[in-house]
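First comes the structure, then the notes that go with it.
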Amino acid sequence: MPYVPNKAYVVGVGLTKFDKPRGERDYPELGLEATVKALIDAGLTYDDVETASVGYCYGDSTCGQRALYQLGMTGIPIINVNNNCSTGSSAFVLAVNSIQAGQADCALALGFEKMAPGSLGSAWNDRAPPMEGTMSQLFEIEGEKEYETDDFGPFAARIFGAAGQEYCEKYGATWDHIAAIASKNHKHSVKNPYAQFRVAPSPQDVSKARKITREVTLPMCSPTSDGGAAAIVVSEDFVKKHNLQDRAIEVAGMGVATDSPRLYNDRSRIELAGADMSRRAAAIAYKQAGVGPKDIQVLELHDCFAPNELVTYPALGLCAEGEAHKLVESGDNTYGGKWVVNPSGGLESKGHPLGATGLGMVAYMSLQLRGEAGQLQVPNVKAALTHNIGLGGSCVVTVLRKAPFYKEGGHNRSRFGYDFADECRRMTDAELAKVRSKQTSDYVPPSIPEPQVTK
């Protein structure tokens, strides 16, 4: 008989504020706060967690253990993950897989990042960079020797900027469409207390802002950020045993993809930005869930740079190839349209702490489905999608929906004492004590050192 995986459900989510890297909070604190909030949201303690996957890009090899040991040294497996910008979703994939395979009934996915200010760069100069093929082909396509210098801006911004430029050249769009996308996302973030930026520049303001590359302006770019996010993933038996039906969100479909030969064979700047990974991951997720793009009401899309949102619309099936800018013109990417894309504000304004980004998307979409998204709430959400991409490459697309046995009536206000979505509060000592392991209550966790403040 064919293998039928168990169903997996998200029953708790937690977030810290995504903030500018100032060195004010260290990763153990960020990871701890996100986990404590997820456990409170689920009504569980760390003793219920049987396995954990922890994502981060910048840190030593066992940062996950350092963060989670503060909740108790329970001896569970803790697996650390680094998959570029899709690291958070990759940690989520491992947690979901453990439930679907029957290896655990309760899994934790945690992501956090403590980043350096400024544009991304490699910590290594004595080995081959993972994306050297992508960059060398971009230089060849651009056909300008001087484009290989740093004078044209950070490499990541140049890749996505070039993808946006190719779209404009092929399909008749302009950079005004891309500015409108950035403006839309910043407008959404004004109502998100967890967002790094809460200002709303007009499309004209976005267009006139300081250039980061030849095409991309500053408001079109995601910032480097510090932050954490977490999700508790459980089996159906666990949901019913612990009476969690009022917060059970089904992982209905999950597609994971890496690059295909199109990355290089097509000699396309859009393909260099990972478009085919998005196409294939989305197709897998839709097929597993038995839905299509028209069945989705709200999604968090990986807009590390505004051009990537434009070129990803067709990859996710929201429109035909070459019609993404028409979706922008019609307003079908915001409240009142066919879809609400990035109600959180997206990476451009919510922030982009790499390890936390994908799990933050899962958190926002879970709250939307539970009707607990506060001022960000989209009406009548039945299915939601997350899209998290990392060049080099990896893409994770998930389709989420309420469990078939979902029970209305719960609300995060009763669990936190405040509206979690509308008010960003830091974890309290009482909250930590409530969810720490009782089995290892004699263990004294290490104190979190005072971090060095970045001037």
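1 is the number of the first residue of the sequence shown in the UniProt record's numbering; add one for each residue after it.
Idealized CB from N, CA, C, for every residue including glycine.
Can residue i and residue j be called in contact, C-beta distance under 8 Å?
i: Gly102; j: Met277; result: no
i: Leu316; j: His242; result: no
i: Leu359; j: Ala157; result: no
i: Ile159; j: Leu272; result: yes
i: Leu218; j: Phe112; result: no
i: Ser222; j: Leu138; result: no
i: Ser90; j: Asn83; result: yes
i: Asn333; j: Lys191; result: no
i: Gly14; j: Lys37; result: yes
i: Met254; j: Ala275; result: no
i: Thr357; j: Cys85; result: yes
i: Val311; j: His177; result: no
Where residue i and residue j are concerned, what is the direct C-alpha to C-alpha distance, given to the nearest angstrom?
i: Cys304; j: Thr224; result: 10 Å
i: Ile79; j: Phe92; result: 11 Å
i: Thr440; j: Ile270; result: 51 Å
i: Gln288; j: Pro314; result: 19 Å
i: Pro77; j: Glu50; result: 7 Å
i: Ser437; j: Gln377; result: 34 Å
i: Val298; j: Val341; result: 6 Å
i: Glu408; j: Ala8; result: 19 Å
i: Val4; j: Asp19; result: 41 Å
i: Ser53; j: Ala384; result: 23 Å
i: Arg415; j: Val399; result: 26 Å
i: Val435; j: Ala34; result: 12 Å
i: Thr59; j: Gln245; result: Here residue 59 turns out to be Gly, not Thr, going by the sequence shown. Straight-line Cα distance between these residues: approximately 37 Å.
i: Arg267; j: Gly161; result: 16 Å
i: Ser136; j: Tyr264; result: 10 Å
i: Glu146; j: Gln70; result: At Glu146 the pLDDT is 49, less than 50, meaning the model places this residue with poor confidence and gives no usable figure here.
i: Gln204; j: Val216; result: 14 Å
i: Lys402; j: Gly290; result: 14 Å
i: Asp172; j: Gly374; result: Correcting the residue identity first, residue 172 is Gly in this sequence and not Asp. Rounded to whole angstroms, Gly172 to Gly374 spans 38 Å at the Cα level.
i: Lys455; j: Val206; result: With a pLDDT of 46 at Lys455, under the threshold of 50, the modelled position of this residue cannot be trusted, and the question is left open.
Note the first and the last residue of the continuous beta strand (DSSP E) segment covering residue i.
i: Thr440; result: Segment: none, Thr440 is in no beta strand (DSSP E) and carries neither H nor E.
i: Glu215; result: Neither: Glu215 is in no beta strand (DSSP E) and is coded neither H nor E.
i: Cys106; result: 106-113
On the premise that residue j lies in contact with residue i, defined as a C-beta separation below 8 Å, what is that separation, rounded to the nearest angstrom?
i: Arg425; j: Asp419; result: The Cβ separation is near 10 Å, so there is no contact.
i: Thr11; j: Val239; result: Thr is not the amino acid found at residue 11; the sequence shown has Val there. The Cβ separation is near 6 Å, so the contact holds.
i: Pro379; j: Tyr364; result: Incorrect: roughly 16 Å between the Cβ atoms, too far for contact.
i: Gly351; j: Gln196; result: 4 Å
i: Ala306; j: Ile181; result: 5 Å
i: Ala257; j: Cys63; result: Wrong, their Cβ atoms sit about 27 Å apart, outside the cutoff.
Hey, quick one: how far does the alpha helix (DSSP H) through residue i stretch, first residue to last?
i: Val36; result: 27-42
i: Ser183; result: 175-189
Quiz item: If you scan the UniProt domain "Thiolase C-terminal" (275-398) from start to end, which runs of the alpha helix (DSSP H) of 4 or more residues do you find wholly inside it?
Solution: For the UniProt domain "Thiolase C-terminal" (275-398), the continuous alpha helix (DSSP H) assignments of 4+ residues that do not extend past its boundaries occur at 275-289, 306-315, 324-330, 346-350, 354-369, in sequence order.
Exercise. Return the chain-ordered ranges of every alpha helix (DSSP H) run that is complete within the region 211-259 and spans a minimum of 4 residues.
Key: Runs of the alpha helix (DSSP H) inside the region 211-259: 236-241.
Self-check item: Segments assigned alpha helix (DSSP H), at least 4 residues, entirely inside the region 67-103
Solution: Counting only runs of 4 or more residues that sit fully inside the region 67-103, the alpha helix (DSSP H) segments are 87-100, in chain order.
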